[in-house]
C-alpha cells in the first residue's frame, strides 16, 4: 500500500493498520466499501503482523490481504452476512470467548499475485482456496448451520 493508495479511502486511517505499507490496497478498499454499506464503525484488530497468528497465516505475507476486526453494534451472524456481500475469498468468524468483541477475519487469498512463489501446489494447501470457518478455543470448524448454532453464532 502506498501513500497514493490512501487517496480513495474514505473511512480508515493509516494509523488503524500498523505496517500499512505491507497491506494489499485491495483489501483496505473493499473494507472501506463494507464500512460505507453498513454505516457503522469497523474496528480493526489486525492487518499485517509477523506474529500472533497461525503458521502460514496470510497476516504475515506481503502484500497482506488479511484483516481481522468487528463491526460495532452488529451481531456476529449479521457481520458474516454483510461480509458475504463483498468479494472476500476467506471469511472467518470469532465468537465471544475467542475475542473480546465477536468479529471477523476476511482475506483475498486467491487474488494473491505471488501465491505461486509461496505455495508450489495450491491444491494441497487449503489456505490458498476459498474458505469459511468459525474458531472456538483455538480449533477451526467449518461454517455451517450446525456449528453456528452449537458455537453461539446464531441467536
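Numbering (the numbering used here), first residue to last: 201 to 355.
For each residue, glycine too, the CB sits at the ideal point set by N, CA and C.
- Ranked by Cα distance from residue 219, the options 254, 258, 264 are led by 264.
- Measuring C-alpha to C-alpha distances from residue 208 to each of 229, 221, 305, 298 identifies 229 as the nearest.
- Each residue's CA atom was taken as its position, placing residue 335 and residue 285 some 21 Å apart.
- Around the beta-carbon of residue 351, 16 or more other beta-carbon atoms lie within 10 Å, marking it buried.
- Pairing residue 258 with residue 276 gives a Cβ-Cβ distance that is not under 8 Å.
- Here residue 256 is exposed. Its C-beta has fewer than 16 other C-beta atoms within 10 Å.
- Bounds of the beta strand (DSSP E) holding residue 339 are 339 to 342.
- Under DSSP, no beta-bridge partner is assigned to residue 226.
- Burial is judged here by how many other beta carbons sit within 10 angstroms of a residue's own beta carbon; residue 242 has at least 16 and is buried.
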